[in-house]
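Novice: Residue numbering for the sequence shown is 126 to 374, as defined by the working numbering.
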Amino acid sequence: MKYLTLLLPLLLISCNREELENIPRDVSLPCNETTLEVISSGDTCSETNNPFVCDVIVLEETQFIDAESYRWSPDICALELDDNILFTSGARTTVWNVVERGHYIAKERIFASSDISIEHTTFLCQKNEVIYVSFLNNLLGSDKLTLELRTVVQDHSNQEKRNIISLYQDRANSPIRNFWLRHFIGSGYYENTKQTFHQSITLNNSLYNDVVEYALGTHIDAEPDYRYFVQKDVGILGFEVEDELWLRE
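(1) With the cut-off set at 7 angstroms, would you say Glu144 and Phe189 are in Cβ contact?
(2) Near Ser139, what residues of its chain come up, given a Cβ to Cβ distance below 6 angstroms and the 5 sequence neighbours on each side ignored?
(3) Does the segment 160-168 come into contact with the segment 219-234, if we say contact requires no fewer than three beta-carbon pairs (one atom in each stretch) closer than 8 angstroms?
(4) Taking the straight line between their C-alpha atoms, what separation do you get for Asn330 and Thr169?
(5) Roughly how many angstroms lie between the CA atoms of Ser171 and Asp280, to the nearest whole one?
(6) In whole angstroms, give me the CA-to-CA distance for Ile289 and Asp207.
(7) So, helix, strand or coil for Leu161, using DSSP?
(8) Taking C-beta to C-beta, are Ala297 and Asp268 nearer than 7 angstroms?
(9) Buried or exposed for Thr187, going by 16 or more other Cβ atoms inside 10 Å?
(10) With a 10 Å radius around its C-beta and 16 neighbouring C-beta atoms as the bar for buried, classify Arg275 as buried or exposed.
(11) Answer with buried or exposed for Glu273, where buried requires no fewer than 16 other C-beta atoms within 10 angstroms of its C-beta.
(12) Taking all protein chains shown into account, decide if Asp368 is buried (16 or more other Cβ within 10 angstroms of its Cβ) or exposed.
(13) Leaving out five residues on either side along the sequence, give the residues of the same chain with a beta carbon under 7 angstroms from the beta carbon of His323.
(14) Evaluate Glu365 with the Cβ neighbour count: other Cβ atoms within 10 Å of its Cβ, from every protein chain shown; 16 or more gives buried, anything less gives exposed.
(15) For Cys202, I'd like the list of residues in its chain whose CB is within less than 6 angstroms of its CB, leaving aside the five on either flank, ordered along the chain.
(16) Which runs of the beta strand (DSSP E) at least 3 residues long sit entirely within the segment 271-322? Give them in chain order.
(17) Considering only C-alpha positions, which residue in the set Tyr353, Gly360 and Gly311 is nearest to Gln294?
(18) Excluding the 5 residues flanking Asn209 on each side, which residues of the same chain have their C-beta closer than 6 angstroms to its C-beta?
(19) Can you find the residues in the same chain that come closer than 8 angstroms, C-beta to C-beta, to Gln320, ignoring five residues on each side of it along the sequence?
(20) Round the Cβ separation of Phe212 and Gly363 to the nearest angstrom and send it over; I've been treating them as touching at under 8 angstroms.
(21) Quick check: what's the CA-CA separation for Asn262 versus Asn303?
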């Protein structure tokens, strides 16, 4: 019995090690973590008999967020639960309260297009770094707003890592997502009807550089009900709701 008692902790330690990912020393990160938990999506990456799946490619190397990408949210590592980001509009103030945060390695299966036809797909099984912070604000209702940085490989041909910044809102007590906006950092950036990159923009008579603006309306042609502004080297810069602009202090 004594030997079984000694063996059990060793088994537990061994299992725990398999669920952690060491961050290599040569990766420049603003966060303090040296290991991250690996969280699996649960999707199988074994060979499949599905005739519409051309191939299953397993990427062995874990993809980490580039240090340059952290410039789009330099405080994302420092924010803790119950921290507040203060915004002002004239003499009025409001806060975004941190209600959830996470930093982990996502073990996941990504669908990629196939060279055979648009009806076929390739599975890319990979591990990607993800860090996110979720907020609540009384002006935005009871639904959580989340800012996320992550990596992903989407092309089976060149298998190039891409860094992505996302802003999305999950409906309270529901699997429905009110919106999900994202852009690729660096050369992969592109414009669309809901997001615009401003080399410079004037807000409340002040000039700001390198700002991505997200504009959300009830439909594509509608006047936006909400605007969110994310600035390089700042992160969340401000937001607009009911035609009132709130800027970060």
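Each residue gets a CB set at the ideal place from its N, CA and C atoms; glycine is no exception.
Specialist: Quick answer:
(1) Taking the sequence shown and counting its residues from 1, one reaches residue 144 at position 19. Taking the sequence shown and counting its residues from 1, one reaches residue 189 at position 64. Against a cut-off of 7 angstroms, the Cβ pair of Phe189 and Glu144 comes out as no contact.
(2) Within the sequence shown, numbered from 1, the residue matching residue 139 stands at position 14. Note that Ser139 scores a pLDDT of 37, beneath 50, so its modelled location is shaky and nothing firm can be said.
(3) yes
(4) Sequence index remark: in the sequence shown, residue 330 carries index 205 (1-based). Sequence index remark: in the sequence shown, residue 169 carries index 44 (1-based). For Asn330 and Thr169, the distance between alpha carbons rounds to 53 angstroms.
(5) The count along the sequence shown starts at 1 and reaches residue 171 at position 46. The count along the sequence shown starts at 1 and reaches residue 280 at position 155. Distance between the alpha carbons of Ser171 and Asp280: 19 angstroms.
(6) The sequence position of residue 289 within the sequence shown is 164, counting from 1. The sequence position of residue 207 within the sequence shown is 82, counting from 1. Approximately 25 angstroms, taken between the alpha carbons.
(7) Taking the sequence shown and counting its residues from 1, one reaches residue 161 at position 36. Of the three classes helix, strand and coil, the one that applies to Leu161 here is strand, per DSSP.
(8) Looking up residue 297 in the sequence shown gives position 172. Looking up residue 268 in the sequence shown gives position 143. Result yes, Cβ atoms of Ala297 and Asp268 sit closer than 7 angstroms.
(9) Here residue 187 is taken as the residue at index 62 of the sequence shown, counted from 1. So Thr187 counts as buried.
(10) Numbered from 1 along the sequence shown, position 150 holds the residue referred to as residue 275. Arg275 should be labelled buried.
(11) Start at 1 with the first residue of the sequence shown, and residue 273 comes out as number 148. Buried, because 16 or more other Cβ atoms sit within 10 Å of the Cβ of Glu273.
(12) Counted from its first residue, the sequence shown places residue 368 at position 243. Classification of Asp368: exposed, given that the 10 Å Cβ count is below 16.
(13) Locating residue 323 in the sequence shown gives position 198, where the first residue counts as 1. So the list reads Val336 and Glu338, once near-sequence residues are dropped.
(14) Indexing the sequence shown from 1 puts residue 365 at position 240. It is buried - the Cβ of Glu365 has at least 16 other Cβ atoms within 10 Å.
(15) In the sequence shown, residue 202 corresponds to position 77, counting from 1. Result list for Cys202: Pro155 and Cys156, in chain order.
(16) 286-295 and 302-309
(17) Against the sequence shown, residue 294 aligns to sequence position 169. When each option's Cα is compared against that of Gln294, the closest is Tyr353.
(18) Position 84 of the sequence shown, counted from the first residue, corresponds to residue 209. Closer than 6 angstroms at Cβ, skipping near neighbours: Val220 and Asn222.
(19) The residue labelled residue 320 in the question sits at position 195 within the sequence shown. Hits under 8 angstroms: Leu306, His308, Val337, Glu338, Tyr339 and Ala340.
(20) Numbered from 1 along the sequence shown, position 87 holds the residue referred to as residue 212. Numbered from 1 along the sequence shown, position 238 holds the residue referred to as residue 363. Indeed, because the Cβ distance is near 6 angstroms, the residues count as touching under 8 angstroms.
(21) Taking the sequence shown and counting its residues from 1, one reaches residue 262 at position 137. Taking the sequence shown and counting its residues from 1, one reaches residue 303 at position 178. Those two C-alpha atoms are separated by around 15 angstroms.
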